[in-house]
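Residue numbers (my numbering): 100 to 834.
Have a look at the structure below, then the notes.
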DNA sequence: GGCATAGCTTTTTTT
DNA sequence: AAGCTATGCC
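Put into structure tokens, the structure is as follows:
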């Protein structure tokens with residue numbers, strides 16, 4: 100029996116079709132990773148393809164690692180020679196070797212969005228662009244979109260003739276690229292675009308890689324952008340052995356430049372392409388799959404396919420609507436704990452998915468209270484944290500002092516009494532003499548305008564020079580420790596001794612151990628190598644499997660994952676679908692949200708619980724939302740609607756299931772205006788009074804603010820601390 | 001010239 | 001709720 104016997108016919112068709120373009124339309128849970136890994140195995144074992152000639156592109160480093168591992172298990176040997184990586188890391192690898200052809204130094208650094216913003220802020224100042232009118236982020240967004248479409252600064256400028264505001268943007272774009280070049284840095288989009296540029300300008304290099312990668316596979320193809328498409332087209336144009344796998348229904352990265360046309364028009368670009376559809380789902384129960392199918396059916400822009408499963412019907416989907424996001428979070432924590440306690444899976448079998456990172460806060464709070472082990476993916480990326488960026492900037496400066504941004508970030512961290520005025524003078528000197536910022540620092544004595552400030556700059560330069568001298572003899576971890584020692588970075592945090600500073604120290608410890616494990620594991624560890632690795636990690640890459648914790652993450656991060664028990668939280672119009680897409684004139688924006696919903700539903704294997712809240716705090720103010728329109732698209736018979744308000748809190752006579760169902764499903768009943776709080780004419784308590792809350796117990800009223808709809812009462816509870824609450828909900832009783 | 005603080009604004013998703 | 005900017009103070 101061969102390893103291919105256990106596959107279904109479609110899957111086998113995809114595996115055995117090795118020559119020429121191939122489009123695999125793989126629905127959610129249809130075993131596409133399995134197909135890809137078996138296809139690689141088949142190429143190597145049966146077709147005698149040299150593993151060295153295979154390139155597999157995945158979406159995240161985590162997916163790449165998993166794929167390599169799985170191929171390793173299927174193939175006797177050679178798996179390690181297969182290139183499995185993300186677009187970005189593949190491009191970095193190529194650029195490190197050949198970027199000198201484009202006039203860059205091979206030691207280039209990679210700018211994250213934080214660095215980009217700092218740089219753009221600087222440019223706006225210099226070009227006198229009003230950042231009230233054009234925010235840095237907006238400009239960067241426009242530049243990013245241009246790069247994703249392979250439109251360079253020059254070309255962008257040519258297209259903007261006559262349009263005044265666009266010309267200003269073009270100017271910013273040009274200056275931005277110029278700055279990147281002088282700093283010897285690339286941003287994320289550059290990694291792809293510069294590689295395409297490299298191939299276009301250097302046919303010999305392109306040909307070498309075409310020969311190298313005779314067989315190319317691309318996973319999550321629906322989320323590739325134009326630049327990425329061009330890249331693989333170039334690579335595959337010689338041998339045409341391009342296999343792409345994707346699901347147009349799971350395209351959720353349009354905002355990042357993903358071009359859904361890449362998958363919808365694949366057959367037009369490669370007329371000889373074979374198309375294989377994988378429509379059998381092995382992951383979810385019939386109920387869950389039915390729900391997903393009914394939701395996605397409302398999209399117009401999609402390839403025709405219907406996912407089916409031979410799995411059981413399974414448990415109904417549970418839908419719960421709550422008064423507040425607070426209760427919602429509480430319910431999820433309780434329900435989850437109950438299920439785990441009942442032996443219905445482990446914590447790691449559960450995932451909470453939400454639309455925005457901000458929603459994780461409340462959930463986290465409740466999980467902490469309930470003592471449920473959890474892990475939050477996303478939010479502020481580990482490597483984007485201040486303390487980590489500070490220390491990495493030191494390492495960057497030691498490694499590549501052409502990166503002005505890094506130098507400027509740390510020159511006054513820890514405080515050395517060097518301020519904006521001093522920096523401006525150094526900057527002027529650097530521009531005048533066309534040298535880097537750091538070299539200007541080294542020559543500080545020659546800047547007359549500085550005066551006595553020179554004395555403050557000297558120790559910094561000495562420090563960097565010393566570290567640079569040590570670099571040769573130190574491992575990355577040792578160098579990092581040296582930085583920490585010499586700057587007293589951790590010592591300052593220790594003195595601060597707050598909860599926040601302790602968390603920062605923990606992060607620093609984690610960074611040290613990451614450096615140490617890099618030193619150990621890398622084939623040929625270098626400082627540049629470490630910095631590069633660190634620049635390209637996504638948060639999801641660090642999701643360890645052998646850890647019994649609930650995962651909390653955005654729907655976007657959840658792509659490609661599966662969990663027996665999934666909670667979709669915050670299913671409200673305005674949250675999901677987001678407000679922006681509801682008011683958007685472009686109806687395809689809403690379709691993308693629906694695809695996201697489809698992705699969310701199809702993550703669940705056995706149990707899906709959907710929750711929403713009538714009110715929730717957003718950016719400091721309470722919002723009232725209707726139940727998400729996507730809920731209406733799920734057939735009623737698949738859903739079990741739970742009680743809306745927890746009986747504990749609410750003492751109304753129990754409503755029948757029918758009335759509850761009606762309430763939950765009649766979206767019209769949830770017009771914001773209809774949600775009225777009966778504002779008491781007068782409260783029975785005042786500031787300073789002792790009151791009692793059903794859950795928090797006794798406390799003292801600290802403040803009462805009269806809002807439009809209700810009184811907002813601040814109470815300092817003896818046990819639970821200070822809470823702000825609406826009088827109508829709090830039901831406070833005078834003690 | 002540098003540092004602390006009080007108001008002011010927020011695109012949701014990320015390699 | 002939180003980060004950033006402008007302002008005032010040392």
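The beta-carbon is built from N, C-alpha and C at its ideal position, and this holds for glycine as well.
Keep in mind it's a predicted model, so treat the numbers as computed, not measured.
{"Query": "So residue 653 packs on residue 477, CB below 8 angstroms; how close in whole Å?", "Result": "6 angstroms"}
{"Query": "Can you tell me which of the three DSSP states residue 468 falls into?", "Result": "helix"}
{"Query": "Measuring alpha carbon to alpha carbon, tell me which of 709, 433, 521 ends up nearest residue 729.", "Result": "709"}
{"Query": "Can you round the beta-carbon distance between residue 662 and residue 449 to whole angstroms, since I take them to be within the 8 angstroms contact cut?", "Result": "6 angstroms"}
{"Query": "Report yes if the CB atom of residue 387 is closer than 8 angstroms to the CB atom of residue 651, and no otherwise.", "Result": "no"}
{"Query": "Using a Cβ-Cβ cutoff of less than 8 angstroms, which residues in the same chain neighbour residue 375 once the five nearest sequence positions on both sides are dropped?", "Result": "109, 112, 113, 116, 121, 122, 123, 124"}
{"Query": "Check this for me: beta carbons of residue 322 and residue 157, under 8 angstroms apart or not?", "Result": "no"}
{"Query": "When burial is assigned at 16 or more other CB atoms within 10 Å of the CB, is residue 532 buried or exposed?", "Result": "exposed"}
{"Query": "Going straight from the alpha carbon of residue 231 to that of residue 126, what length do you get?", "Result": "44 angstroms"}
{"Query": "What number of angstroms, rounded off, separates the C-alpha of residue 678 from the C-alpha of residue 722?", "Result": "12 angstroms"}
{"Query": "Would you tell me roughly how many angstroms separate the C-alpha atoms of residue 413 and residue 640, rounded to the nearest one?", "Result": "31 angstroms"}
{"Query": "Residue 670 by DSSP, collapsed to three states: which one?", "Result": "coil"}
{"Query": "Which class does residue 833 belong to by DSSP, given the choice of helix, strand or coil?", "Result": "strand"}
{"Query": "Should the segment 241-258 be called in touch with the segment 518-534, which here means at least 3 C-beta pairs below 8 angstroms?", "Result": "no"}
{"Query": "Tell whether a beta-carbon distance below 8 angstroms holds between residue 294 and residue 193.", "Result": "yes"}
{"Query": "For residue 794, count the other beta carbons within 10 Å of its own beta carbon; 16 or more makes it buried, fewer makes it exposed. Which is it?", "Result": "Any reading at residue 794 must be qualified, since the residue scores a pLDDT of 47, below 50, and its modelled position is unreliable; the value itself is stated next. Exposed, since its Cβ has fewer than 16 Cβ neighbours within 10 Å."}
{"Query": "What are the uninterrupted segments assigned as alpha helix (DSSP H) that are 4 or more residues long and contained completely in the segment 587-624, given in chain order?", "Result": "588-595, 598-620"}
{"Query": "Going by alpha carbons, who is nearest to residue 161 out of 637, 575, 647, 438?", "Result": "637"}
{"Query": "Roughly how many angstroms separate the alpha carbons of residue 407 and residue 590, rounded to a whole number?", "Result": "59 angstroms"}
{"Query": "So does the segment 381-399 actually touch the segment 679-699, counting three or more Cβ pairs closer than 8 angstroms?", "Result": "yes"}
{"Query": "Who are residue 450's beta bridge partners in DSSP?", "Result": "650, 665"}
{"Query": "Since residue 259 is in the alpha helix (DSSP H), which residue starts that stretch and which ends it?", "Result": "No alpha helix (DSSP H) holds residue 259; DSSP gives it neither H nor E."}
{"Query": "Pairing CB atoms from the segment 583-600 with CB atoms from the segment 615-633, are three or more of them under 8 angstroms?", "Result": "no"}
{"Query": "Secondary structure at residue 232, three-state DSSP: helix, strand or coil?", "Result": "coil"}
{"Query": "By DSSP's criteria, residue 739 is part of a beta bridge. Which residues make up the other side?", "Result": "417"}
{"Query": "DSSP has residue 802 in a bridge; who is on the other side?", "Result": "813"}
{"Query": "Got a sec: does the ligand ATP put a non-hydrogen atom nearer than 7 angstroms to the Cβ of residue 210?", "Result": "The ligand ATP is not part of this structure, which contains no ligands at all."}
{"Query": "Would you kindly work out how many angstroms separate the C-alpha atoms of residue 784 and residue 797, rounded to a whole number?", "Result": "13 angstroms"}
{"Query": "Between the C-alpha atoms of residue 186 and residue 456, what's the straight-line distance to the nearest angstrom?", "Result": "25 angstroms"}
{"Query": "Residue 316 and residue 155: beta carbons closer than 8 angstroms?", "Result": "yes"}
{"Query": "With a 10 Å radius around its C-beta and 16 neighbouring C-beta atoms as the bar for buried, classify residue 272 as buried or exposed.", "Result": "buried"}
{"Query": "Tell me whether the beta-carbon of residue 727 lies closer than 8 angstroms to the beta-carbon of residue 670.", "Result": "yes"}
{"Query": "State buried or exposed for residue 146, treating a residue as buried only when at least 16 other CB atoms are found within 10 Å of its CB.", "Result": "exposed"}
{"Query": "Tell me the DSSP secondary structure of residue 105 in three-state form.", "Result": "coil"}
{"Query": "So if DSSP puts residue 182 in a beta bridge, which residue, or which two residues, is it bridged to?", "Result": "154"}
{"Query": "Give me the Cα-Cα distance between residue 814 and residue 802, rounded to the nearest whole angstrom.", "Result": "7 angstroms"}
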